[in-house]
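Residue numbers (the UniProt record's numbering): 244 to 615.
Note sheet for the following structure.
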Ligand code: G6P
C-alpha cells in the first residue's frame, strides 16, 4: 500500500532515501566515546582473531560486490590476505581452508542457498564463520559462529540498496576491528577512519539531496541499448554494482569494467554516443589512479562516448571531459563506495521507471534465492 511505501511510489525509492539512517543505525553502539570499536557481539575472541591468517568472503549478487570492496579495506588495514568468491563457485571448487581461516558470509536475507552451502562447507573444514546479515534469526547467522547484523531494517524491493550500504559499513567495521585487535602500523589511520565513518551518513544524505539531475539524465537515456561502467580500486566493484542495478531494473545490457582493463578489450565497445559511467577516485589520496582514470575518460570521449563522471567535489581535472558530472562529497578513499553507489541506484531506478518496468518486482528475479 501507499502507506507502507511511506509516500514514495516504490519501495526502492523509500529504501534509497532511508540509507543515511540505515548507515547510522548500523554504526550505532559500535563506536565507543573514545573512538574505538566495540564489537563484543562478534563472539570470536580477540585471541582467535589474532590467529587468523586468511579471510575468505563468500556472497551472491549485490552482497558479493560488498565483499569485493571489503577486500581492499581488510588487506589494507589488517595485512591479512583476503579472497572474495561467489558462493556458488566457492562450494564446488576445493577451497583451501583450515582453523585459522576466517570466512565471512554476507547476505541480506540470510537465506540464500548458495551462501548457506558455502558456509557449511567452510565450517566442515574447521574454519570460523562470521555472518554479515540483515535478517535477525535467519538461517545463515544461525549456522555461523558469529554474526554482525546490519541494521538497514526490512528491505522489500528486490534490487538491494540500503542493505548494500550497510553491508559495506559492516565490512569496514570488521576490517577496522581486525586492525584494532591485531595492531598494525595503520593505527592512526584506523582511528581517523572510524571518525570519518561516524559522520558518513551526512555525506550520504547530501548525495541524496542532489539527485534531480541524475534522474533527468536517466530519462534521456531510456532508449539506449547499452551502458558501460568503469572504475578502479574500490570504484571497480562500484562499477559492477552500477551495472548489476541496471540489468536488474532497466533490463539493459550493462557491464562494469576495471578501468585499467579498458585497453585489453572494452575500448572496442566504445562507439558514438555510448553512455559510459566512470567512477573517479579521489585526486588527493590516490593521485596516480586519479590521473590514470582521467586519461581513460579522455580516451573514451575521443572515441565518441557520452561520459557520465562521478567525481569528488573539488576535483576540477575531470571537468573538461565530463559530458555529465555527478558530484559526491570527499571521503577517505576506501569509504568512497558509500557515496558513489547512491547515484547509480537512483540512475537505475529512474531508467526502469522511464522504460515502464516494474521497479520493486523486476521480471524473473526473486528477493531471496533459496534454491540452488
Ligand atoms: C538475489 C537478490 C539480490 C541479492 C542476492 C543475494 O539475487 O535479488 O538483490 O543481492 O539475491 O541475496 P542475499 O539475501 O544473500 O544478500
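Cβ coordinates follow ideal geometry from the N, Cα and C atoms, glycine included.
All values reported here derive from a predicted model rather than from experimental measurement.
| task | Would you mind reading off the limits of the alpha helix (DSSP H) that contains residue 315? | result | Here the alpha helix (DSSP H) through residue 315 covers 304-321.
For the ligand G6P, is there any heavy atom lying closer than 7 Å to the beta carbon of residue 414? Outside the cutoff, so no.
Task: Beta-carbon proximity list for residue 281, same chain, < 8 Å, skipping 5 on both sides - done: So the qualifying residues of the chain are 272, 273, 274 and 275.
Using a Cβ-based criterion (distance less than 7 Å to any ligand heavy atom), does residue 327 qualify as near the ligand G6P?
For the ligand G6P, not one heavy atom lies less than 7 Å from the Cβ of residue 327.
### Message
Looking only at its chain, what residues have a beta carbon closer than 7 Å to the beta carbon of residue 398, apart from the 5 residues adjacent to it on each side?
### Response
Result list for residue 398: 258, 351, 377, 405 and 406, in chain order.
> Do you know how far the Cα of residue 544 is from the Cα of residue 267?
Replying inline: Cα-Cα distance, rounded: 38 Å.
Are the beta-carbon atoms belonging to residue 312 and residue 414 less than 8 Å from one another? Going by C-beta atoms, residue 312 is nearer than 8 Å to residue 414.
Rounded separation between residue 616 and residue 586 - CA only: With the chain covering only 244 through 615, there is no way to say anything about residue 616.
Give a single yes or no on whether residue 610 has its beta carbon closer than 7 Å to a heavy atom of the ligand G6P. Within the cutoff, so yes.
Threshold first: 4 residues or longer. Then list the alpha helix (DSSP H) segments lying entirely within the UniProt domain "SIS" (460-605), N to C.
Listed in chain order, they are 478-493, 530-545 and 580-597.
| request: Leaving out five residues on either side along the sequence, give the residues of the same chain with a beta carbon under 7 Å from the beta carbon of residue 382. | output: Counting only Cβ-Cβ distances below 7 Å, and skipping sequence neighbours, we find 353, 354 and 359.
Residue range of the unbroken alpha helix (DSSP H) whose run includes residue 261:
Secondary structure note for residue 261: it is in no alpha helix (DSSP H), with a DSSP letter that is neither H nor E.
Local Cβ density within 10 Å of residue 603, reported as buried at 16 or more and exposed below that: Buried, by the Cβ-count rule.
Taking contact to mean 3 or more Cβ pairs, one atom from each stretch, closer than 8 Å, check whether the segment 438-451 and the segment 464-482 are in contact. By the Cβ criterion, the segment 438-451 is not in contact with the segment 464-482, since fewer than three pairs of Cβ atoms, one from each stretch, lie closer than 8 Å.
- For residue 435, which of helix, strand or coil comes out of DSSP? Helix, per DSSP.
Next on the checklist: Between residue 401 and the ligand G6P, is there a pair consisting of the residue's CB and a ligand heavy atom that are separated by less than 7 Å?
Outcome noted: Because some heavy atom of the ligand G6P lies under 7 Å away, the Cβ of residue 401 counts as near it: yes.
Out of 318, 309 and 302, which has the shortest C-alpha to C-alpha gap to residue 328? Ranking 318, 309 and 302 by Cα distance to residue 328 puts 302 first.
Proximity test, residue 351 beta-carbon vs the ligand G6P heavy atom, cut-off 7 Å:
Taking 7 Å as the cut-off, the C-beta of residue 351 counts as close to a heavy atom of the ligand G6P.
(Q) Rounded to the nearest angstrom, what separates residue 454 and residue 332 at their Cα positions? (A) When rounded, the distance between both Cα atoms is 37 Å.
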